[in-house]
Each structure stands twice: as C-alpha cells, then as structure tokens.
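The opening residue of the sequence shown carries number 106 in this note's numbering; numbering runs sequentially from there.
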Amino acid sequence: MTAMTYDFVAIERALPFLGEGMVYTLKLTVVAFLGGLVIGTGLAIIRHLRIPVLDRIAWAYVTVMRSIPLIMVLFWFFFLVPLLLRKFSPEGMSVSISPQLTAFVTYTLFEAAYFCEIIRSGLLSVPRGQFEGAKALGLSTWHSYSLVIVPQALKAVVPIMVTQAIILFQDTSLVYVLSLTDFMGAAAKIAQRDGKLVELYTFAAVIYFVVCSSFAELADHLRKRRQLKQTVRTVTPVTATAAN
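Shown next as structure tokens:
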C-alpha cells in the first residue's frame, strides 16, 4: 500500500483562481450583510411599533423567509420573477435576471428576515423609559428610534449579528446553483479538473475554519464584554447604596 502524498503545488497553482472566488464570497457577504441589516432594521421597527397592516405584512415576510431553504429562494427568484415580469411586460419583450443580480438580491432579502428578528430582540431589550424620555425631549418617532433606540438595540445584539455573518459567509457556497463561482465553487472546480480532491477540499476547509472560528471568537469576546458591563452597572448602584 502506497502512502498518500499531499500535493502542495496543486494548491499553489490554484491560488489565483481561489483568490478570485474568495473576493466574490466576501463581496456577496458584505453586500448581503449590510443590505439585510438595513432592511431588517426597518422591518424590526415596523414590528416593534406594531404599525397596522404593515406589521402583519412584515410578520408574514419574516415567517415565509425563515421557513424555506435559501436554495429554494434562489431558484424562485431566478426563474419565477422573470416569468411574472414577462406577464406584465409588453408582448414580445424579453425579461431575464442575471445570476449575479439574483445572488445579491436574494441573499439580501433572505438575510433581512433574520436581521429583523435579531434587531427586534435588541429593541425589546431597550427600556421603555428611553423612548418616553426621547419623546419628552420633543423628538419625533423617527428621531427617537434613529438617535436613541436603534443604537442601543444594535449594541445589544452585536454578538448575534457576528454569528449571523458567519452563517452568511458559509451560505454563499450555495451560489453554485446559479453557476457562479465563489471560494468553495472555485475549490470544487479545480479539484475536479485536476483530480486533487483531498488537497483542494482540505485547503478550503482550513480557510473556512480559520475565518469562521476567528469571528466566533470575536462574537464570544463581545458577548462576555457586554455581560461584564451589565454586571458592573448592576453592582455599582448596590455598592453605592450599601456605602450610604
């Protein structure tokens, strides 16, 4: 039985193509994260304010998006949206959506549903007195949320948002169904082309592990720091009272 040899040269040759895949992965992650955060925050505020009709629409949107796999949303957007647009377009007009646009829009809308619940949990953690105090100062509802409530809510859920970013980074590998090449897709293509499955998949696994574990440590650090701050705030008034 011959010992298995690990071909490092195959990885070195693949680095330029893998780099291109990683750039696309990071672009998709950043755009979907920021877009999803903005839309999700808007949905969370609507649900927190319990705005009639809009609250039910937001609830339905979040429920549907969180109940179906991302890969199905990708398929639906890529195939069904053009069909619907074609139905309402002038006869003979060709309507299509590029895989690139499908990926960016779908991931953003999908993440928005998750960020809605994350931000909403942060909004619920902000004491009601903060909103009442802002209104007492003459701030409008918009300014109360944008200047007082939302910043506090975001600070409360930063660790959870980092965790969601990790999940999003991993989920970008699903763009292969649209024939797009992210980091994982690049590794898979080279592995199959050169017959270096062990080398390329192992290298990809190491990269994913390093990136995701680093962000997981960051999330854990942020959570512990927040818990420490909350403990200090709780202990300080008690200590002051005892001293008096």
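We treat Cβ as the ideally placed atom computed from N, Cα and C, and that holds for glycine.
This one's a predicted model, so the numbers in the text were calculated from it and none came from an experiment.
Within-9 Å CB hit, residue i to chain B
{"i": "V143", "result": "Absent from the structure is chain B; it holds one protein chain and no more."}
Simplified DSSP state of residue i, which is helix, strand or coil
{"i": "T107", "result": "Since pLDDT at T107 reaches only 49, below the 50 mark, its modelled position is unreliable, and the value read off the structure follows with that caveat. Note: T107 maps to coil in three-state DSSP."}
{"i": "R331", "result": "helix"}
{"i": "E216", "result": "helix"}
{"i": "I265", "result": "helix"}
{"i": "D287", "result": "coil"}
{"i": "S251", "result": "helix"}
{"i": "G227", "result": "helix"}
{"i": "F138", "result": "helix"}
{"i": "E125", "result": "helix"}
{"i": "S199", "result": "coil"}
{"i": "P157", "result": "coil"}
{"i": "V343", "result": "Low per-residue confidence applies at V343: pLDDT is 48, beneath 50, and the placement is therefore not dependable, though the value from the model is reported in the following sentence. Looking at V343 - three-state DSSP - the assignment turns out to be helix."}
{"i": "D276", "result": "helix"}
{"i": "L244", "result": "coil"}
{"i": "K301", "result": "coil"}
{"i": "D325", "result": "helix"}
Exposure label - residue i; buried when at least 16 CB within 10 Å
{"i": "F182", "result": "buried"}
{"i": "H153", "result": "buried"}
{"i": "T107", "result": "Here T107 scores only 49 on pLDDT, less than 50, and its place in the model is too uncertain to base an answer on."}
{"i": "Q205", "result": "exposed"}
{"i": "I162", "result": "exposed"}
{"i": "G300", "result": "exposed"}
{"i": "T110", "result": "exposed"}
{"i": "E196", "result": "exposed"}
{"i": "S230", "result": "exposed"}
{"i": "A119", "result": "buried"}
{"i": "R225", "result": "buried"}
{"i": "T268", "result": "buried"}
{"i": "A261", "result": "buried"}
{"i": "S194", "result": "exposed"}
C-beta contact flag for residue i and residue j at 9 Å
{"i": "P264", "j": "A310", "result": "no"}
{"i": "V282", "j": "F180", "result": "yes"}
{"i": "I202", "j": "V178", "result": "no"}
{"i": "T130", "j": "M289", "result": "yes"}
{"i": "L175", "j": "D287", "result": "no"}
{"i": "L305", "j": "A115", "result": "yes"}
{"i": "A218", "j": "L285", "result": "no"}
{"i": "G124", "j": "F215", "result": "no"}
{"i": "L228", "j": "A258", "result": "yes"}
{"i": "T213", "j": "V136", "result": "yes"}
Span of the alpha helix (DSSP H), counted from its first residue to its last, around residue i
{"i": "K240", "result": "233-241"}
{"i": "K192", "result": "186-192"}
{"i": "L179", "result": "175-180"}
### Query
Quick check: the stretch 222-237 against the stretch 197-211, are there 3 or more CB pairs under 8 Å?
no
### Task
Mind the definition here: the stretch 292-303 touches the stretch 270-277 only if three or more C-beta pairs lie below 8 Å; say whether that holds.
no
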